[in-house]
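Student:
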Amino acid sequence: MTETRSFSAVDDGEIRWTDKTGYDDARKHAISAWQYNGSKIRIVADSAITSNDLEFKDADLGTRASDPLGRYERHGSIGATDYIIFNRQKLRGATKELLRYVALHELGHALGLCHKSDSIVSLMWKNAPSPGYEITWIPEVDKANYKKLWG
1 MTETRSFSAV
11 DDGEIRWTDK
21 TGYDDARKHA
31 ISAWQYNGSK
41 IRIVADSAIT
51 SNDLEFKDAD
61 LGTRASDPLG
71 RYERHGSIGA
81 TDYIIFNRQK
91 LRGATKELLR
101 YVALHELGHA
111 LGLCHKSDSI
121 VSLMWKNAPS
131 PGYEITWIPE
141 VDKANYKKLW
151 G
């Protein structure tokens with residue numbers, strides 16, 4: 001799979017978001033990190049006069065090894081809201097670094113990025129890194145893929 005604008009929450013150069021998550025630090029960190037110097041897509045809170053593109057929320061997504069820490073749900077139709085969902089069951093008691101990693105990774109999907117091989121340092125690995133090795137910044141490979149999509 002490759003990066004694609006059509007599988008993103010971006011609408012007219014921005015993502016308008018709402019918040020229904022208890023993981024506020026992780027959400028704030030992810031939004032701030034993806035707004036690095038040179039990034040083109042604005043990520044701003046929804047207002048009464050704008051269309052909501054993305055909602056951060058919490059849900060119980062399971063506790064099995066195959067169940068995700070978080071998930072990006074794309075709802076593709078015009079005016080539809082996409083979701084970043086934090087898995088409460090797996091994130092209860094998680095470190096700040098793990099929560100930030102999950103938020104950064106899922107927001108990467110909302111920006112159109114896809115999973116990457118674990119042979120390169122990327123925020124977009126399919127599997128979460130081992131405890132203590134969480135990526136809480138935007139690696140250069142992810143910035144390069146973002147730039148290919150959005151300039």
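Read in the UniProt record's numbering, the sequence shown has 60 at position 60, and its numbers run on one by one without any break. Glycine included, C-beta positions come from ideal geometry on N, C-alpha and C.
1. Roughly how many angstroms separate the alpha carbons of D142 and M124, rounded to a whole number?
2. Rounded to whole angstroms, what is the Cα-Cα separation between I84 and G132?
3. Please report the distance separating the alpha-carbon of S130 from that of R16.
4. Count the C-beta pairs between the segment 33-40 and the segment 53-64 that are closer than 8 Å, then say yes if the count reaches three, no if not.
5. What did DSSP end up calling R16 once you bin it into helix, strand or coil?
6. In this structure, how does DSSP classify K67 when only helix, strand and coil are distinguished?
7. For L123, write down the residues that DSSP places opposite it in a beta bridge.
8. In terms of residue numbering, what span does the alpha helix (DSSP H) encompassing D24 cover?
Tutor: Reading it off the structure:
1. Between D142 and M124, the C-alpha separation is close to 8 Å.
2. Roughly 23 Å between the two C-alpha positions.
3. So the two alpha carbons sit approximately 32 Å from each other.
4. Touching, no, given that fewer than three Cβ pairs across the two stretches are closer than 8 Å.
5. Looking at R16 - three-state DSSP - the assignment turns out to be strand.
6. Rather than Lys, the amino acid found at residue 67 in this sequence is Asp. Three-state DSSP puts D67 in coil, outside helix and strand.
7. Residue pairing for L123: DSSP places it in no beta bridge.
8. Start and end: 24-33.
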